[in-house]
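Numbering (our numbering), first residue to last: 190 to 712. Beta carbons: idealized from backbone N, C-alpha and C, even for Gly.
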């Protein structure tokens, strides 16, 4: 019998292997808004159900110390687009927030006046979309943008197609059509927003042809106002009440109440609807035979909302949440699926940020690095492909603002196991060893003053190098008015939140009158 030729053997091996295809890979980037690191079943939530995202995570390379570049949305999104830390690109707060003397209009009586900030993506930057487009990629954006007003929309920064991306940071019409979004046509009243964005993404992939694509699916979910269907509310209301209900759902953080338990049935339904939409897109990749050559990125732009906004979730055991300087405000789900690598949930503890996506994507797309454009990011491909250890590096965060979630104006440096937070109100520091104290319970600044001083000096030097802006002392600060404000928060807001929590869990709960689709079985 004639032996098979070497060519034939190699052909068979190649056909059944998971080696990287010769063509440029497609990139599907999934960004969820305000999605906390503990909001996934994969990361330990026993309340929310996220089977499709869990499945994706189990097949991906998971970075367990993945970070957003800010505690709020616009700065983090700008870092993903530019590969720069926030103090460098200048968008340090969510676009539209007050600053300077206008901050007094908030009637919070804070000690400082927040710094000014850049209000749109710079045209001088080459976004990741522009870099890919110049190298033969078809680019698509769907969902939340919040990186500038008209003239600074997705189509102005490298995206061929823009669906629903404009200046608003929240779903102005809610999660059921009519959406009240000038970039999203209303088709059927009651249509679910997350599912609509997923279907638009699928439509793009179907119509794209053989050209490599970069599809950026940026959900408005799970940002407030939180909404779901009657069926999903009922499911999570039953689930919450099946367990022993905690007597108290909130406690006071330094300035605002903070949620301590995951039992919000409306938020649970909103999370599951978003997960359903993710499932539709991932299934479409398979149905269209795109799954073998499509890299999928999944992350969030800041921590889960445990204070302020809709007080939706708990990030425990991590401290804080959206708007806070602690890990709950910046630690995120962060995983990358490269189909030919068979990572199967493999994990790395190497600290990474949203700025690393830019050089990583360029690396996989075999595009020459744009070192001057993404100076704060590094390619993670050596870790994913070869288990290589990357050099330890400092990571920086700069938020010279007050948020509406209770966080303080501060800057952060993380280097190895050490994290230092510099606060601007009193110019003092907190120092944490994240290896032994990942939940930031013990401030070690007095125990290790030399480490704190060294990190503080390194942080301040870097901020100076990138021309960072700082808050200023408010000469009109009134300590007595601030005391009255704090007492009102404790004596009025805290009990109100506890009452609302129980109302959402009661059989008599009714949604808002304009809650489209809330009585529908379809979402």
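Taking the alpha carbon of residue i as the reference point, which residue from the options has its own alpha carbon closest?
i           : options            : result
residue 444 : 596, 566, 460      : 596
residue 389 : 543, 411, 406, 379 : 406
residue 416 : 601, 376, 365, 466 : 365
residue 248 : 664, 578, 679, 573 : 573
residue 636 : 286, 653, 627, 618 : 618
residue 307 : 604, 335, 568      : 335
residue 245 : 598, 551, 263, 472 : 472
residue 694 : 428, 311, 233, 243 : 428
residue 212 : 580, 402, 536, 689 : 402
residue 642 : 674, 431, 602, 379 : 602
residue 286 : 296, 303, 298, 274 : 303
residue 380 : 392, 391, 363, 371 : 363
residue 474 : 656, 611, 352, 396 : 396
residue 316 : 433, 298, 544      : 544
residue 372 : 398, 354, 681, 640 : 354
residue 239 : 546, 425, 351      : 425
residue 322 : 670, 554, 566, 689 : 554
residue 309 : 299, 698, 339      : 339
residue 351 : 361, 368, 332      : 332
residue 337 : 263, 662, 404      : 263
residue 477 : 230, 398, 634      : 398
Quick check: residue i and residue j, are their CB atoms within less than 8 Å of each other?
i           : j           : result
residue 517 : residue 495 : yes
residue 269 : residue 484 : no
residue 314 : residue 562 : yes
residue 647 : residue 583 : yes
residue 683 : residue 441 : yes
residue 220 : residue 613 : no
residue 658 : residue 324 : no
residue 409 : residue 222 : yes
residue 540 : residue 272 : no
residue 283 : residue 347 : no
residue 498 : residue 384 : no
residue 665 : residue 327 : no
residue 453 : residue 512 : no
residue 724 : residue 653 : Shown here, the chain extends from 190 to 712; a query on residue 724 therefore has no answer.
residue 532 : residue 253 : no
residue 387 : residue 486 : no
residue 450 : residue 435 : yes
residue 569 : residue 558 : no
residue 687 : residue 439 : yes
residue 604 : residue 581 : yes
residue 589 : residue 700 : no
residue 320 : residue 556 : yes
residue 575 : residue 250 : no
residue 501 : residue 492 : no
From what residue to what residue does the beta strand (DSSP E) around residue i run?
i           : result
residue 332 : 327-332
residue 621 : 617-622
residue 603 : 599-604
residue 549 : Per DSSP, residue 549 belongs to no beta strand (DSSP E); it is in the alpha helix (DSSP H), 546-553.
residue 525 : 523-526
residue 280 : Residue 280 -> no beta strand (DSSP E), and no H or E assigned at all.
residue 556 : Careful: residue 556 lies outside any beta strand (DSSP E) and carries neither H nor E.
residue 351 : 350-352
residue 494 : Segment: none, residue 494 is in no beta strand (DSSP E) and carries neither H nor E.
residue 591 : It is not in any beta strand (DSSP E) - residue 591 carries neither H nor E in the DSSP assignment.
residue 609 : 607-612
Which residue marks the beginning of the alpha helix (DSSP H) containing residue i, and which one marks its end?
i           : result
residue 687 : 683-693
residue 651 : 638-654
residue 570 : 570-575
residue 677 : 668-677
residue 459 : 454-476
residue 322 : 317-322
residue 269 : 262-271
residue 581 : Per DSSP, residue 581 belongs to no alpha helix (DSSP H) and is neither H nor E.
residue 356 : Residue 356 -> no alpha helix (DSSP H), and no H or E assigned at all.
residue 518 : 516-519
For a test of your reading of the model: does the CB of residue i fall under 7 Å from any non-hydrogen atom of the ligand NAP? Yes or no.
i           : result
residue 486 : Ligands are entirely absent from the displayed structure, and the ligand NAP is therefore not among its contents.
message = Please give me, in chain order, every unbroken run of the beta strand (DSSP E) with length at least 3 that falls completely inside the stretch 204-253.
response = 215-221, 250-252
query = Contact between the stretch 257-267 and the stretch 276-296: three or more CB pairs below 8 Å?
reply = yes
query = Taking three-plus beta-carbon pairs below 8 Å as touching, is the stretch 448-460 in contact with the stretch 411-429?
reply = yes
message = So, does the stretch 498-514 touch the stretch 622-638, judging by three or more C-beta pairs under 8 Å?
response = yes
ask   = Contact between the stretch 519-537 and the stretch 223-230: three or more CB pairs below 8 Å?
value = yes
message = Give the list of continuous beta strand (DSSP E) stretches no shorter than 3 residues that lie fully inside the stretch 374-462.
response = 402-407, 439-441, 446-448
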